[in-house]
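Participant: Protein chains in written order, with this note's numbering: chain A, 491 to 801; chain B, 491 to 801; chain C, 5 to 317; chain D, 5 to 317. Once you've had a glance at the structure underneath, I'll fire off some questions.
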Ligand SMILES: Cc1cc2nc3c(=O)[nH]c(=O)nc-3n(C[C@H](O)[C@H](O)[C@H](O)COP(=O)(O)OP(=O)(O)OC[C@H]3O[C@@H](n4cnc5c(N)ncnc54)[C@H](O)[C@@H]3O)c2cc1C
Ligand SMILES: Cc1cc2nc3c(=O)[nH]c(=O)nc-3n(C[C@H](O)[C@H](O)[C@H](O)COP(=O)(O)OP(=O)(O)OC[C@H]3O[C@@H](n4cnc5c(N)ncnc54)[C@H](O)[C@@H]3O)c2cc1C
Ligand SMILES: Cc1cc2nc3c(=O)[nH]c(=O)nc-3n(C[C@H](O)[C@H](O)[C@H](O)COP(=O)(O)O)c2cc1C
Ligand SMILES: Cc1cc2nc3c(=O)[nH]c(=O)nc-3n(C[C@H](O)[C@H](O)[C@H](O)COP(=O)(O)O)c2cc1C
Ligand code: FES
Ligand code: FES
């Protein structure tokens with residue numbers, strides 16, 4: 491199905507991706523978990539699960555619950571900690587040519603900086619993604635991402651230590667004006683913005699009268715949120731990203747090529763697949779195929795032409 | 491199915507509803523449109539389509555588009571204007587015993603006040619619902635509902651002219667902290683809060699590269715948003731409504747009794763049915779039945795016991 | 005319109021047959037539960053039902069056309085409107101026929117309906133075509149998917165006015181898009197007077213056009229209609245045009261109706277969230293008495309409108 | 005666990021049979037596409053598949069149990085995990101049997117599967133039961149819905165260790181909840197040594213308990229097990245317990261395994277979003293080497309765990 495005439499590459503700052511498809515943080519493991527289902531080298535990029543300074547067990551179960559066309563998760567940033575990650579997981583990445591981004595999280599700004607410093611040493615990594623938008627941890631997390639002053643501070647501090655690594659800042663949709671947050675991140679050094687993280691939400695078990703999730707609330711992802719995500723991406727593109735020349739990595743509910751193209755037309759330079767991989771672990775590569783077919787059908791020679799072309 | 495032992499009544503301020511089921515604004519017409527499908531007298535309450543000072547044609551078509559487990563609408567507050575409404579529609583309400591609330595909207599605070607003044611004269615009306623959260627009009631609408639100072643001002647001004655009518659303030663979910671807005675409304679005279687209105691969203695037609703809706707963006711409603719709505723209702727209940735003794739009228743994606751009970755457990759005194767009525771125009775009465783059965787099964791003698799009982 | 009809308013209700017219907025007519029066209033026969041008879045016995049041509057297809061299965065992957073593969077993954081929330089292509093309602097039994105074309109996730113799911121399955125529907129909805137007493141001839145204009153209500157109308161017209169002379173003009177993109185009609189393929193010569201079975205059985209002379217000339221006249225159905233009107237100059241007082249099809253075709257038909265001074269009724273389509281006047285999603289811009297603009301509701305005030313009340317854009 | 009996980013893949017499977025066993029229990033036989041043979045030929049008892057049922061139809065309204073009417077309206081997004089109750093895989097053909105109970109929207113939709121339909125599945129997933137060479141006797145403990153993987157395990161054990169002595173303890177709430185088993189109802193006398201067909205064919209002695217005493221021993225299966233262990237005192241080195249069922253039952257079985265010093269493997273269930281180690285939703289709290297807590301993944305490290313590595317809460 492490869493067609494030499496269609497240029498699928500897109501630029502994320504100084505980095506050229508072979509195509510716009512990227513795995514979303516927390517939905518694709520650390521590196522090799524998807525090996526049985528696809529050739530990771532076919533991906534435009536890979537963003538790992540959130541990494542914190544110390545290992546985290548994460549929340550009690552149930553950690554997920556299905557909703558209409560969506561799911562809530564409250565994994566609670568379960569992860570092996572940055573040290574073990576650097577020792578065990580970064581070497582796995584050597585097997586692939588794909589650019590890897592590590593998503594980082596923390597309870598304090600110092601913690602973010604400490605993790606970023608460690609990861610900045612790893613030659614294999616293309617960049618870091620700052621998760622200031624996780625709704626499932628008690629301290630830090632979401633509170634950073636909803637306050638422009640904190641976004642400015644944390645982005646600035648982390649930027650100082652990442653050296654030449656690309657810095658992605660991941661935005662939460664749980665705000666009145668996402669452009670204000672986007673502007674704060676861009677002003678203080680974000681090379682790339684990514685959006686959207688999940689919506690805080692709750693499912694109640696009416697038989698027990700308790701929330702289903704052990705963490706009570708969780709983050710809503712999946713096709714249910716896609717139309718809100720498309721709107722927010724287009725808003726940030728028009729109000730901030732386009733004029734600032736900052737590329738957007740965007741998603742929310744993507745599960746097929748049409749969904750991905752919607753995000754690209756709205757302004758995304760690259761598209762993330764999250765929940766979609768749970769249902770069809772090979773969907774990213776199928777989407778790349780689908781985008782190629784769409785371009786052929788529409789006489790588009792380079793997918794980059796589509797970015798933000800919404801009429 | 492009526493069971494004399496179960497008390498389905500709930501209180502909305504000074505008003506006692508025969509049960510907690512209320513039609514949501516904009517999804518049930520003005521008064522008699524649902525007659526063929528149910529006995530309106532079986533409803534706990536009825537909230538009309540938004541009424542403005544002057545008639546409004548509304549937006550161009552397409553005004554709706556279906557999404558995964560949801561739909562976007564951008565009707566644009568099409569309505570016959572307050573004068574015609576008072577002349578033609580309020581008299582229709584005399585046929586029913588149901589309490590009617592009129593949802594009001596405007597471009598300026600003066601306009602809201604003018605509409606409220608007119609409606610305050612109608613004896614038949616139980617109250618007004620202030621729509622400060624419609625995402626589909628260019629001026630006014632949503633901007634009021636996202637700014638606590640404006641919410642305070644508009645609620646206060648309208649409160650002055652509504653006489654003994656109950657004043658409901660309808661909140662938008664498109665904010666960082668819904669409790670802050672809720673508090674502003676309560677502090678300035680809201681008798682009841684209602685939530686949630688729709689999420690601003692967009693669907694792009696990838697063949698034409700244009701938004702599907704003529705208005706470009708629309709409001710997302712339906713089952714897709716239910717888990718977010720349940721979370722926000724519980725948040726407002728815990729942080730504002732419970733201590734202030736202000737009842738909540740709540741919904742978002744309700745289509746069956748289990749959904750309605752989820753909202754009541756989260757803190758709603760009454761539950762609104764919006765998009766659900768499009769699919770099953772008789773769903774409100776079926777839900778009342780279902781709530782009764784649930785109470786029987788759980789040995790609950792009064793549905794009011796369930797309000798906010800989340801463990 | 006002037007027909008009195010019958011009372012609406014929610015009913016279950018069982019599938020008598022769901023038969024393919026070419027790759028993407030289907031004929032669905034539904035028998036409604038008995039309770040529906042009282043509601044449907046006065047239903048008129050041009051009215052419609054809203055069917056809940058949200059719980060039907062998708063066809064297996066290999067039977068999903070490539071262009072619908074992505075959209076087929078979307079879950080269905082809202083009901084879908086379909087006109088009657090025929091209705092047979094008595095005190096005992098109501099059977100409705102629906103002709104549908106597979107265009108998206110809902111109609112794709114309808115393909116999987118089998119004899120004996122049940123669906124839930126709301127109806128009868130909207131206002132149908134009116135049949136003025138004084139008319140001597142009727143012209144039916146069907147574009148693309150617009151045929152179903154006109155097939156029904158043809159039958160009703162013949163029944164109520166045995167002497168009325170009916171001519172049908174049927175247009176489609178290509179020969180294959182005429183599949184709602186049981187055309188004998190051997191009759192498909194390239195000449196503009198092919199008789200289509202559904203109309204032929206009522207002795208209706210039928211003119212066919214296709215955009216690509218693969219059957220009948222090459223060009224738009226409205227061009228063919230204009231030629232005939234120019235030749236025949238039917239009297240406006242004695243003639244009426246009924247049209248259903250894409251908006252551009254209806255708009256052109258409305259223009260011809262003005263030009264030749266022949267009254268015309270059109271059946272419009274809109275995306276509908278409710279079908280029963282609750283949501284205002286189905287607005288049709290019309291002229292009001294004072295010459296201003298007013299939005300009427302396609303589901304409640306229509307779907308049939310007089311061509312000259314609609315503001316065509 | 006120690007079995008080597010086989011490579012996983014995504015496959016289509018066609019339904020050979022989907023047969024009801026009582027009101028809410030079903031046996032689904034699936035034939036996988038040929039490409040799957042290489043993946044499934046080494047699959048072991050206790051492994052599972054994730055089935056995509058999102059595009060299946062709901063049963064008609066009157067066939068939906070009242071307690072599932074509301075939840076049945078929910079659209080399905082995620083795949084659902086099911087153990088093999090049997091698997092027959094060769095170079096030519098892979099057939100898997102799934103025994104399922106209708107509990108919610110997904111399993112309700114599975115009811116509508118018919119011979120010839122296709123479904124999409126991912127597998128084989130997770131790690132199955134290990135079968136240590138030295139054991140002379142095995143005790144199977146099945147609670148409620150936990151029977152399927154143990155039925156498979158019984159067959160495999162008998163095949164690999166012809167001399168192994170197997171005893172089964174099967175518990176359920178009531179007699180009707182034993183429906184995974186083809187019990188001849190006339191044999192259902194209230195005594196605790198009824199032989200269930202699936203186990204009987206492998207010459208396995210079976211003890212039944214029901215919470216309400218409607219069949220077999222009245223009480224929990226673990227009480228019955230405790231009584232027998234107390235009487236027989238099997239040697240821990242020669243015996244192994246395999247258990248599958250509700251978490252409380254597994255926890256009680258784990259306690260007995262400790263008390264009687266008999267090694268025990270349990271198959272756990274978790275809500276799973278992916279089934280393949282991507283999402284961390286299926287965490288199982290375990291002891292790590294240093295005595296601390298560690299979360300293992302039910303889908304990848306399990307679903308079978310040693311009873312003494314799990315932290316039971
Ligand atoms: C009063 C009325 C009567 C109808 N009668 C028939 C009929 O007899 N037979 C038949 O095949 N179809 C009929 N339709 C159209 C039918 O409702 C749609 O084809 C159907 O809803 C498509 O659903 P889907 O999910 O398969 O495709 P969707 O994905 O919903 O739509 C596929 C394509 O069709 C367009 N479309 C869908 N619905 C409409 C609409 N209502 N108006 C304009 N464009 C639309 C969409 O924009 C999209 O481009 C009627 C519509 C109305 C309003
Ligand atoms: C490894 C594994 C193997 C399984 N094997 C079988 C099998 O062989 N036969 C069979 O009938 N079922 C099996 N299950 C359970 C099966 O996956 C669920 O019954 C099914 O997902 C229910 O889906 P639903 O939409 O019908 O109901 P839902 O609405 O999803 O669930 C109905 C009820 O069951 C509970 N539930 C659902 N899934 C799980 C789970 N994974 N763990 C604990 N509770 C759950 C829910 O909380 C709810 O109370 C297995 C589960 C796992 C994890
Ligand atoms: C199970 C799960 C775990 C997630 N973990 C993380 C995480 O660790 N860090 C993060 O930034 N986002 C995390 N996310 C959010 C996703 O990366 C993504 O932003 C979100 O799910 C929306 O995209 P989707 O609808 O395609 O899944 C997680 C999402 C899911 C569903
Ligand atoms: C077609 C449509 C029109 C609406 N019009 C109004 C309106 O005029 N005023 C208003 O306050 N809310 C309006 N709403 C919002 C609903 O009242 C309700 O708050 C929202 O749809 C969420 O509930 P639901 O998911 O049950 O529909 C409208 C919603 C829809 C779908
Ligand atoms: S479709 Fe809802 S008013 Fe016409
Ligand atoms: S179910 Fe996703 S990691 Fe186990």
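Note that CB positions come from ideal geometry on N, CA and C, so glycine has one too. Please read all numbers here as calculations on a predicted model, not as lab measurements.
(1) Could you check the C-alpha separation between residue 281 of chain D and residue 51 of chain D for me, to the nearest Å?
(2) Select from the region 283-295 of chain C all residues with a C-beta closer than 9 angstroms to any C-beta belonging to chain B, and list them in chain order.
(3) Find the nearest neighbour of residue 270 of chain D within the set D:151, D:220, D:234, D:204, judged by alpha-carbon distance.
(4) When the Cα atoms are used, what is the spatial distance from residue 514 of chain B to residue 654 of chain A?
(5) With a threshold of 8 angstroms between beta-carbons, can residue 696 of chain A be considered close to chain B, or not?
(6) Can you pull the DSSP bridge partners for residue 15 of chain D?
(7) With three or more C-beta pairs closer than 8 angstroms as the rule, is the region 777-789 of chain B touching the region 53-72 of chain C?
(8) In chain order, what residues of the region 87-100 of chain C put their CB closer than 7 angstroms to some CB of chain A?
(9) How long is the line joining the alpha carbons of residue 239 of chain C and residue 266 of chain C, rounded to whole angstroms?
(10) Is there a Cβ from chain A that is less than 8 angstroms from the Cβ of residue 299 of chain D?
(11) In the region 125-170 of chain D, which residue ranges form an unbroken beta strand (DSSP E) of at least 3 residues, counting only runs that do not cross its ends?
(12) Find the residues of chain A that neighbour residue 113 of chain D, judging by a C-beta separation of less than 8 angstroms, and give them in chain order.
(13) Quick test of your reading: residue 174 of chain D and residue 208 of chain D, contact by CB under 8 angstroms. State the CB separation rounded to the nearest angstrom.
(14) For a quick check, are the C-beta atoms of residue 750 of chain A and residue 715 of chain A less than 8 angstroms apart?
(15) What residues from chain C crowd round residue 746 of chain A, counting only those whose CB sits closer than 8 angstroms?
(16) Closer than 7 angstroms: is that where the CB of residue 279 of chain D sits relative to any heavy atom of ligand 6?
(17) Which chain A residues are close to residue 56 of chain D, counting only those with a beta carbon under 9 angstroms from its beta carbon?
(18) Terminal residues of the continuous beta strand (DSSP E) containing residue 287 of chain C?
(19) Measuring CB to CB, does residue 747 of chain B end up less than 8 angstroms from residue 781 of chain B?
(20) Are the beta-carbon atoms of residue 713 of chain B and residue 743 of chain B separated by less than 8 angstroms?
(21) Note down, in chain order, every chain E residue with its Cβ under 9 angstroms from the Cβ of residue 13 of chain C.
(22) By the 10 Å Cβ neighbour count, where 16 or more other Cβ atoms means buried, how is residue 315 of chain C classified, buried or exposed?
(23) Could you tell me the alpha carbon to alpha carbon distance between residue 18 of chain D and residue 45 of chain D, rounded to whole angstroms?
(24) Helix or strand or just coil, what does DSSP make of residue 794 of chain B?
(25) Using a cut-off of 7 angstroms between C-beta atoms, extract the partners of residue 721 of chain A located in chain B.
(26) When Cβ atoms are compared, which residues of the region 14-29 of chain C fall closer than 8 angstroms to chain D?
(27) How about residue 276 of chain D: is its Cβ closer than 7 angstroms to a heavy atom in ligand 6?
(28) Can you tell me whether residue 292 of chain D is buried or exposed, with buried defined as 16 or more other CB within 10 angstroms of its CB?
(29) Check whether the Cβ of residue 301 of chain C lies closer than 7 angstroms to any heavy atom of ligand 5, and answer yes or no.
(30) Comparing C-alpha positions only, which one of C:122, C:307, C:171, C:311 sits nearest to residue 48 of chain C?
(31) Leaving out the 5 sequence neighbours to the left and right, which residues in its chain are closer than 6 angstroms to residue 536 of chain B when beta-carbon positions are compared?
(32) Skipping 5 residues on each side, what residues in its chain have a beta carbon closer than 7 angstroms to that of residue 734 of chain A?
(33) I need the straight-line Cα distance from residue 438 of chain A to residue 705 of chain A, nearest angstrom please.
(34) Which value, in whole angstroms, describes the spacing of the CA atoms of residue 60 of chain D and residue 257 of chain C?
(35) Which chain D residues are close to residue 62 of chain C, counting only those with a beta carbon under 7 angstroms from its beta carbon?
(36) When the Cα atoms are used, what is the spatial distance from residue 755 of chain B to residue 516 of chain B?
Facilitator: In terms of the structure at hand:
(1) 14 angstroms
(2) 283, 284, 285, 286, 287, 288, 289
(3) D:151
(4) 53 angstroms
(5) yes
(6) D:125
(7) no
(8) none
(9) 7 angstroms
(10) yes
(11) 141-147
(12) Here the premise fails: no neighbours, minimum Cβ distance about 13 angstroms.
(13) Contact flag wrong, Cβ pair sits at about 10 angstroms.
(14) no
(15) 73, 74, 77
(16) yes
(17) 769, 770
(18) 287-291
(19) yes
(20) yes
(21) Looking for chain E here will not work: the only protein chains present are A, B, C and D.
(22) exposed
(23) 18 angstroms
(24) helix
(25) 690, 691, 692, 707
(26) 16
(27) yes
(28) exposed
(29) yes
(30) C:307
(31) 513, 588, 590
(32) 676
(33) Chain A is shown only over 491 to 801; residue 438 of chain A falls outside these bounds and no answer can be derived.
(34) 43 angstroms
(35) 59
(36) 25 angstroms
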